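*Asks:* Protein sequences appear in the order of chains S and Z. For the first sequence, my numbering assigns the number 21 to the initial residue and increments by one for each residue that follows. For the second sequence, my numbering assigns the number 21 to the initial residue and increments by one for each residue that follows.
Number of protein chains: 2
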Amino acid sequence: MRLSQLFGKTLRQDPAEAETASHRLMLRAGLIHPIAAGVYSMLPLGLRSYRKIERVIREEMDAAGGQELSMPALQPIELWQQTGRHGAFGQTLFTFQDRKERLLCLAPTHEEVVTTLVSLNVQSYRDLPQLLYQIQTKFRDEQRPRAGLIRVREFAMKDAYSFDVDADALDATYRRVFQAYKNIFARCGLPAVPVEADSGAIGGKDSQEFMLLAESGEDEILRCSGCGYAANVERAAFVKPPAPNDAERPLEKVATPGKKTIEEVAAFLGVKPEQTLKAVFHAADGKVVFVVIRGDLEVNEVKLRNALKCADLRLATDEEVRGAGLVAGYASPIGVKGVRVVGDDSIALGANFVAGANLDGHHYKNANYPRDFTVALLTDIAKARAGDTCARCGKGAFESMRGIEVGHVFKLGTIFSEKLGASFLDKDGQKKPIIMGCYGIGVGRLLAAAVEQNHDEKGIMWPAPIAPYHVHMVGLQLDNPQVGPAAEKLYVDLQATGLDVLFDDRAESPGVKFNDADLLGMPLRVTVSPRTLKTQSVELKRRSEAQARNVPLAEAVAAVRQAVDEASRAATGRPAA
Amino acid sequence: MRLSQLFGKTLRQDPAEAETASHRLMLRAGLIHPIAAGVYSMLPLGLRSYRKIERVIREEMDAAGGQELSMPALQPIELWQQTGRHGAFGQTLFTFQDRKERLLCLAPTHEEVVTTLVSLNVQSYRDLPQLLYQIQTKFRDEQRPRAGLIRVREFAMKDAYSFDVDADALDATYRRVFQAYKNIFARCGLPAVPVEADSGAIGGKDSQEFMLLAESGEDEILRCSGCGYAANVERAAFVKPPAPNDAERPLEKVATPGKKTIEEVAAFLGVKPEQTLKAVFHAADGKVVFVVIRGDLEVNEVKLRNALKCADLRLATDEEVRGAGLVAGYASPIGVKGVRVVGDDSIALGANFVAGANLDGHHYKNANYPRDFTVALLTDIAKARAGDTCARCGKGAFESMRGIEVGHVFKLGTIFSEKLGASFLDKDGQKKPIIMGCYGIGVGRLLAAAVEQNHDEKGIMWPAPIAPYHVHMVGLQLDNPQVGPAAEKLYVDLQATGLDVLFDDRAESPGVKFNDADLLGMPLRVTVSPRTLKTQSVELKRRSEAQARNVPLAEAVAAVRQAVDEASRAATGRPAA
Chain S
21 MRLSQLFGKT LRQDPAEAET ASHRLMLRAG LIHPIAAGVY SMLPLGLRSY
71 RKIERVIREE MDAAGGQELS MPALQPIELW QQTGRHGAFG QTLFTFQDRK
121 ERLLCLAPTH EEVVTTLVSL NVQSYRDLPQ LLYQIQTKFR DEQRPRAGLI
171 RVREFAMKDA YSFDVDADAL DATYRRVFQA YKNIFARCGL PAVPVEADSG
221 AIGGKDSQEF MLLAESGEDE ILRCSGCGYA ANVERAAFVK PPAPNDAERP
271 LEKVATPGKK TIEEVAAFLG VKPEQTLKAV FHAADGKVVF VVIRGDLEVN
321 EVKLRNALKC ADLRLATDEE VRGAGLVAGY ASPIGVKGVR VVGDDSIALG
371 ANFVAGANLD GHHYKNANYP RDFTVALLTD IAKARAGDTC ARCGKGAFES
421 MRGIEVGHVF KLGTIFSEKL GASFLDKDGQ KKPIIMGCYG IGVGRLLAAA
471 VEQNHDEKGI MWPAPIAPYH VHMVGLQLDN PQVGPAAEKL YVDLQATGLD
521 VLFDDRAESP GVKFNDADLL GMPLRVTVSP RTLKTQSVEL KRRSEAQARN
571 VPLAEAVAAV RQAVDEASRA ATGRPAA
Chain Z
21 MRLSQLFGKT LRQDPAEAET ASHRLMLRAG LIHPIAAGVY SMLPLGLRSY
71 RKIERVIREE MDAAGGQELS MPALQPIELW QQTGRHGAFG QTLFTFQDRK
121 ERLLCLAPTH EEVVTTLVSL NVQSYRDLPQ LLYQIQTKFR DEQRPRAGLI
171 RVREFAMKDA YSFDVDADAL DATYRRVFQA YKNIFARCGL PAVPVEADSG
221 AIGGKDSQEF MLLAESGEDE ILRCSGCGYA ANVERAAFVK PPAPNDAERP
271 LEKVATPGKK TIEEVAAFLG VKPEQTLKAV FHAADGKVVF VVIRGDLEVN
321 EVKLRNALKC ADLRLATDEE VRGAGLVAGY ASPIGVKGVR VVGDDSIALG
371 ANFVAGANLD GHHYKNANYP RDFTVALLTD IAKARAGDTC ARCGKGAFES
421 MRGIEVGHVF KLGTIFSEKL GASFLDKDGQ KKPIIMGCYG IGVGRLLAAA
471 VEQNHDEKGI MWPAPIAPYH VHMVGLQLDN PQVGPAAEKL YVDLQATGLD
521 VLFDDRAESP GVKFNDADLL GMPLRVTVSP RTLKTQSVEL KRRSEAQARN
571 VPLAEAVAAV RQAVDEASRA ATGRPAA
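1. Please report the straight-line C-alpha distance between Q582 (chain S) and D226 (chain Z), rounded to a whole angstrom.
2. Who are the near neighbours of G358 (chain Z) in its chain, counting only those whose CB is closer than 8 Å to its CB and skipping five residues on each side?
3. In the DSSP output, which residue or residues are listed as bridge partners for R569 (chain Z)?
4. Report the residues of the segment 46-65 of chain S with a CB closer than 7 Å to any CB of chain Z, ordered along the chain.
5. Assuming contact is defined by CB atoms lying nearer than 8 Å, are A371 (chain S) and E268 (chain S) in contact in what I supplied?
6. Check this for me: beta carbons of L126 (chain Z) and F159 (chain Z), under 8 Å apart or not?
7. If contacts are defined as beta-carbon pairs under 8 Å, then C410 (chain S) and C247 (chain S) qualify, I think. What distance do you get, rounded to the angstrom?
8. A234 (chain Z): which of Z:A187, Z:D476 and Z:T399 sits nearest, CA to CA?
9. What residues match up with H383 (chain S) in a beta bridge as DSSP calls it?
10. Cβ closer than 8 Å: which chain Z residues qualify as neighbours of D161 (chain S)?
11. Would you call the CB atoms of P35 (chain S) and L47 (chain S) closer than 8 Å?
12. A41 (chain Z) and S236 (chain Z) look like a contact to me (Cβ under 8 Å); what is the Cβ gap, rounded to whole Å?
13. Pick from Z:R243, Z:E238, Z:G290 and Z:L397: whose alpha carbon is nearest that of I313 (chain Z)?
14. Can you give the Cα-Cα distance for P293 (chain S) and L379 (chain S), rounded to whole angstroms?
15. D538 (chain Z) by DSSP, collapsed to three states: which one?
16. Return the CA-CA distance between A263 (chain Z) and A187 (chain Z), expressed in angstroms with no decimal places.
17. Pick helix, strand or coil for T547 (chain S), following the three-state DSSP scheme.
18. Using a Cβ-Cβ cut-off of less than 7 Å, give me the residues of the segment 93-112 of chain S that come near chain Z, in sequence order.
19. Take the Cβ of R325 (chain S) as the centre, count every other Cβ of all protein chains shown within 10 Å, and call the residue buried at 16 or more, exposed below.
20. Going by C-alpha to C-alpha distance, which of Z:D400, Z:V76, Z:K554 and Z:L369 sits closest to A387 (chain Z)?
21. Since S90 (chain S) meets chain Z, which of its residues come closer than 7 Å, beta carbon to beta carbon?
22. Listing by chain order, which chain Z residues have their CB less than 7 Å from the CB of N141 (chain S)?
23. Does any C-beta atom of chain S lie closer than 8 Å to the C-beta of P166 (chain Z)?
24. Answer with buried or exposed for Q163 (chain Z), where buried requires no fewer than 16 other C-beta atoms within 10 angstroms of its C-beta.
25. Between Z:P92, Z:A402 and Z:F393, which lies nearest to E131 (chain Z) when the distance is taken from Cα to Cα?
26. At 7 Å on the CB atoms, spell out the chain Z contacts of L152 (chain S), in chain order.
27. List the DSSP bridge partners of P96 (chain S).
28. Check this for me: beta carbons of D179 (chain Z) and T112 (chain Z), under 8 Å apart or not?
29. Please state whether DSSP places Y201 (chain Z) in a helix, a strand or coil.
30. Determine the direct distance from the alpha carbon of L553 (chain Z) to that of I480 (chain Z), and round the result to whole angstroms.
31. Whole angstroms is fine: what's the gap from L540 (chain Z)'s alpha carbon to K561 (chain Z)'s?
32. Would you identify the three-state DSSP class for T103 (chain S), choosing helix, strand or coil?
33. Alpha carbon to alpha carbon, how far is V291 (chain S) from V253 (chain S)?
34. Given that a residue counts as buried once 16 or more other Cβ atoms are within 10 Å of its Cβ, and exposed if not, what is F116 (chain S)?
35. DSSP puts G363 (chain S) in a beta bridge; with which residues?
36. For a test of the three-state rule: what should DSSP assign to H43 (chain S), helix, strand or coil?
So this is what it looks like as structure tokens:
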């Protein structure tokens, strides 16, 4: 492709709205263009990378035994009411009436439709297993679209769904898709890290996310420095630190005027935060829940939501707290009535806690569970943090990293097959619900994450396998009678070897051209100019290296091919396709 | 692919809802599945054909100089208000509010977005021409979705848009895309016929549709038996037959009690239909329009809409007709007041017409235009019919055929570029609007039209280039110790030559297997059975031929390859890819 003809101009200036490196660089390089909040066009250069990723995904999903199909975005709302997810998705689900006043939605995911299809096409264990996938457009009315293609309202996703006869068969399928995902990321030159993830209120037992590490990542990952266990912060299992566990002393009410926070009260009473109980108020599906957790720990909302099995969870408002008869800053689990109390199991690790007295300016000393108060539910709802001890090995400490979730594999179990009647007759003629798994890769997000992970201050540094073009050829002074023909010949010869070549044939200055080459970020830059031709050579420069080198014109094609293969091997361990 | 594992079951019975052959066969063969009116999933077998078409389209559009991009479906309504098409699409446009109460729509086509993109990325004549295309999902809330994938509410379309400096440059681009379309249909084995089409109220001068001839087609095409000129019935230019053109006689009111239709009045007064004037009432954007046309002709609503430049056109209701002071059955252009009168130019071809007297039970004789009445607009608004004389050659007669529109090429001119500010500076530094063209192929519709055109009573007969698989291999008695290994070996060997093979390895009867092979319609059936192996042979049968033949097992792979190439050559003139 000649750069003079390529649709999509590079921008000299950083766009004001860009929040992250990938957002900024993808706009500046002319890969994407927004038309509304979280809604983008993919321009030709961006689409080339996108298609390369798509091809890798298809090949690996096919190799894993997947069959591609394509399900629609428009869906009748009744299907979503049947699984109850109409409510669970809430405002994220775009809904509207058609001209006949039937309520439709735009699908944010396809469990409902694929399970319905399977219920109609699978009768016997002989029809299983099935692994179905599509690369299709999803719609989600996100509250806060952000960071370019990282969080958008319309996006392409590879979603796959598996259907098996039992848990062992699902295990095998899950492992197969997991391996396919590892292959996909490796072949794209993107070292994604699998981490344990929350499997949600509806979840089966296994759920893993693939993360590309990047400072701008939305997700916090905790990794054990000892055993290497890695998990999403929402999921990470940790050992709660001990707290003094003396014999229980009598409950005692003390004045703590104006001391409301854990820090203030602990300092005032001369105790440590782990010797206090913190009260946190949430509204779960609109009802106030009183959460008690040890003062040194924080509530993990995902664990809490799963424990409560609620669809909507948020912090309660002051008004809701007062309405429940509680005194903010001094609220107490002792003697509380008419409010559901949930305790983190840390409240049983330790004794003689300081707790609120539900009386302005007063706390209790020596509050003990379950002597002084009870809870409706006692479970782990605390959030792991960097420095906490890994529960897997019991020794190592967590370190914190940020990442972008680019893939998710998930054991669904029978939630959907039971609700939508997807069953099969087993070998004994018994009717059983099909066991499902689901597997997703956000294709556009993967593209953005690739840029997020691979750039410098000058621009993008594409991993070779997903670069829009392998080679960025710069011609300088193309109206020079030597340069023009030499550059044109090289352009043709390089393409003839199967390389994708972008040829900057514009009438621009060397500075503009080199800056654009750095911004667009192809793995190899090849320059043909009066200066290089004076020594019958061309200049080669890897995007990832500062130094350029000259190679004889006669060997240019072979040298370029070799350099591209090296770049590809550096990214994936194998030469360019 | 083993048929035992293929997702998507064949149906023994015709589905009740199927209206046309392609609808019926695509459901029965498990290619598609509906989830709402006009909304389908594409199952694996259907998607394979779809992807083959898609690949051909991409290759030809790239070869024509197209650059692929991908524009979103979600669009802000403001963009559509800017071009006025919010109103023109009316209820066909799905619209809804997002969570922030901004009005969005789902794009039925992409002129608005692509023109906006071009306005931002094109400044100079040096940035032109541009030919941009995408294969993307469109949404249209059709009043009457029908016939499976022929008319749906969500569908994949290859839409392309061209941008040129002037009319000559557009001509060149248009011809290039026209040739690409011819190549696409030819390579798919689908002989699409280009016909002249209506270019609409907004149109430029050229517009052509590509039609696949099929009895169930929605569109009527007229083709001149003389010169070969072909046009959509809405567009076809014809020579209006003469009518007696005597000297004008005095206007005379006559009683025609109970005679309302042209036939009744003509018979009663002893004249021919072409000696009468017909009054037809339309509502154009809600206002009654009185249309006068010679009694032997019919109004062409498309020509009328273009002449009136209105968005909405329909027949007026009786109430609207009475409300305009007109007497239905006896309405007259003579003396009519307060209503816009539009005349077909046939009213000037002939004299002394019978016309209504706007008085119950009465007509005029010897009504003459313009002596007795005037019209606000006199133009061609008559519909051509089979048997009419072709206006192109002036000699041949039209024959009527039915077809399915599978492609459309269209010169848009500057309508969109002017409204959306897409301009460029020409060589002299003058700012000018960019000249546009647009070009569409409905990919799913093309698939359905292919089935509509290629089937018999037993099932589909795929043109080889777009068949989901080249070969349908039937194994009979696969548990037989000779058959099983021979079939497995052939399955592997055929695939190794690059052929797509569907292997019916199910434990079904020969009858079920052969019926499914006919239903699924791959170009070549290969049978391995105890009977064929007795003579060390396999049986080959072309789907398009009744007779099978046996070939030696040792030559089977070469014979199959040759037969597939022959089938491909029969469809496209070249061997299978």
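Where is the CB? At the ideal position from N, CA and C, for every residue including glycine. Since this is a predicted model, take the numbers as computed values, not measurements.
*Replies:* Working from what's here:
1. In the first sequence, the residue the question calls residue 582 (chain S) occupies position 562. In the second sequence, the residue the question calls residue 226 (chain Z) occupies position 206. In this model, Q582 (chain S) and D226 (chain Z) are separated by some 50 Å (Cα to Cα).
2. Numbered from its first residue, the second sequence carries residue 358 (chain Z) at position 338. Cβ neighbours of G358 (chain Z) within its own chain (closer than 8 Å, five residues either side excluded): A344 and G345.
3. Start at 1 with the first residue of the second sequence, and residue 569 (chain Z) comes out as number 549. Residue pairing by DSSP puts R569 (chain Z) in a beta bridge opposite Z:L560.
4. Here the close residues are H53, I55, A56, V59, Y60, S61, M62, L63 and P64.
5. Here residue 371 (chain S) refers to the residue found at position 351 of the first sequence. Here residue 268 (chain S) refers to the residue found at position 248 of the first sequence. The Cβ atoms of A371 (chain S) and E268 (chain S) sit closer than 8 Å to each other.
6. As a working mapping, residue 126 (chain Z) is identified with position 106 in the second sequence. As a working mapping, residue 159 (chain Z) is identified with position 139 in the second sequence. Taking 8 Å as the Cβ cut-off, L126 (chain Z) and F159 (chain Z) qualify as a contacting pair.
7. Within the first sequence, numbered from 1, the residue matching residue 410 (chain S) stands at position 390. Within the first sequence, numbered from 1, the residue matching residue 247 (chain S) stands at position 227. Yes, they are in contact, since the Cβ atoms of C410 (chain S) and C247 (chain S) sit about 6 Å apart, within 8 Å.
8. If you number the second sequence from 1, residue 234 (chain Z) lands on position 214. In terms of CA proximity to A234 (chain Z), Z:D476 leads the group Z:A187, Z:D476 and Z:T399.
9. The residue given as residue 383 (chain S) occupies position 363 in the first sequence. DSSP, once it has assigned bridges, lists S:V274 and S:G376 as partnering H383 (chain S).
10. Counted from its first residue, the first sequence places residue 161 (chain S) at position 141. By Cβ distance, chain Z contributes D118 and R119.
11. Position 15 of the first sequence holds residue 35 (chain S). Position 27 of the first sequence holds residue 47 (chain S). Contact annotation: P35 (chain S) and L47 (chain S) have beta-carbon atoms nearer than 8 Å.
12. On the second sequence, position 21 is the one that residue 41 (chain Z) refers to. On the second sequence, position 216 is the one that residue 236 (chain Z) refers to. The Cβ separation is near 7 Å, so the contact holds.
13. Counting from 1 along the second sequence, the entry for residue 313 (chain Z) is found at position 293. Out of Z:R243, Z:E238, Z:G290 and Z:L397, Z:L397 has the C-alpha closest to the C-alpha of I313 (chain Z).
14. Mapped onto the first sequence, residue 293 (chain S) falls at position 273. Mapped onto the first sequence, residue 379 (chain S) falls at position 359. Rounded to whole angstroms, the separation of the alpha carbons of L379 (chain S) and P293 (chain S) is 21 Å.
15. Locating residue 538 (chain Z) in the second sequence gives position 518, counting from the first residue. Note: D538 (chain Z) maps to helix in three-state DSSP.
16. The sequence position of residue 263 (chain Z) within the second sequence is 243, counting from 1. The sequence position of residue 187 (chain Z) within the second sequence is 167, counting from 1. The alpha-carbon atoms of A263 (chain Z) and A187 (chain Z) are separated by roughly 40 Å.
17. Counted from its first residue, the first sequence places residue 547 (chain S) at position 527. Of the three classes helix, strand and coil, the one that applies to T547 (chain S) here is strand, per DSSP.
18. Along the segment 93-112 of chain S, going in chain order, the ones with a CB nearer than 7 Å to a CB of chain Z are A93, L94, Q95, P96 and Q111.
19. Locating residue 325 (chain S) in the first sequence gives position 305, where the first residue counts as 1. Under this definition R325 (chain S) is a buried residue.
20. Taking the second sequence and counting its residues from 1, the one referred to as residue 387 (chain Z) is at position 367. Ranking the options by Cα distance to A387 (chain Z), first place goes to Z:L369.
21. For the purposes of this step, residue 90 (chain S) is taken as residue 70 along the first sequence, with counting starting at 1. Contact note: S90 (chain S) reaches chain Z through S61, M62 and L67, using a C-beta cutoff of 7 Å and chain order.
22. Here residue 141 (chain S) is taken as the residue at index 121 of the first sequence, counted from 1. At a C-beta separation below 7 Å, N141 (chain S) has these neighbours in chain Z: F27, G28 and K29.
23. Residue 166 (chain Z) sits at position 146 when you count from the first residue of the second sequence. One detail in the question is off: residue 166 (chain Z) reads as Arg in this sequence, not Pro. Under the Cβ criterion of 8 Å, R166 (chain Z) is not counted among the residues facing chain S.
24. The residue labelled residue 163 (chain Z) in the question sits at position 143 within the second sequence. By the neighbour-count criterion, in which a residue is buried when 16 or more other Cβ atoms sit within 10 angstroms of its Cβ, Q163 (chain Z) is exposed.
25. As a working note, residue 131 (chain Z) is residue 111 in the second sequence. The residue with the shortest Cα to Cα distance from E131 (chain Z) is Z:P92.
26. Residue numbering aside, residue 152 (chain S) sits at position 132 when the first sequence is read from its first letter. When 7 Å is used as the limit between beta carbons, L152 (chain S) is near these residues of chain Z: F27, in chain order.
27. Within the first sequence, residue 96 (chain S) is the residue found at index 76, counting from 1. P96 (chain S) is bridged by DSSP to S:L124.
28. By 1-based counting over the second sequence, the position of residue 179 (chain Z) is 159. By 1-based counting over the second sequence, the position of residue 112 (chain Z) is 92. Contact annotation: D179 (chain Z) and T112 (chain Z) have beta-carbon atoms that are not nearer than 8 Å.
29. Stepping through the second sequence from its first residue, residue 201 (chain Z) is reached at position 181. Three-state DSSP puts Y201 (chain Z) in a helix.
30. The residue given as residue 480 (chain Z) occupies position 460 in the second sequence. The residue given as residue 553 (chain Z) occupies position 533 in the second sequence. Approximately 29 Å, taken between the alpha carbons.
31. On the second sequence, position 520 is the one that residue 540 (chain Z) refers to. On the second sequence, position 541 is the one that residue 561 (chain Z) refers to. About 14 Å.
32. Numbered from 1 along the first sequence, position 83 holds the residue referred to as residue 103 (chain S). Looking at T103 (chain S) - three-state DSSP - the assignment turns out to be helix.
33. What you label residue 291 (chain S) is simply residue 271 of the first sequence in a count that begins at 1. What you label residue 253 (chain S) is simply residue 233 of the first sequence in a count that begins at 1. When rounded, the distance between both Cα atoms is 28 Å.
34. Position 96 of the first sequence, counting from 1, holds the residue named residue 116 (chain S). Result: buried.
35. The count along the first sequence starts at 1 and reaches residue 363 (chain S) at position 343. G363 (chain S) pairs with S:V312 and S:L398.
36. Numbered from its first residue, the first sequence carries residue 43 (chain S) at position 23. Correct three-state label for H43 (chain S): helix.
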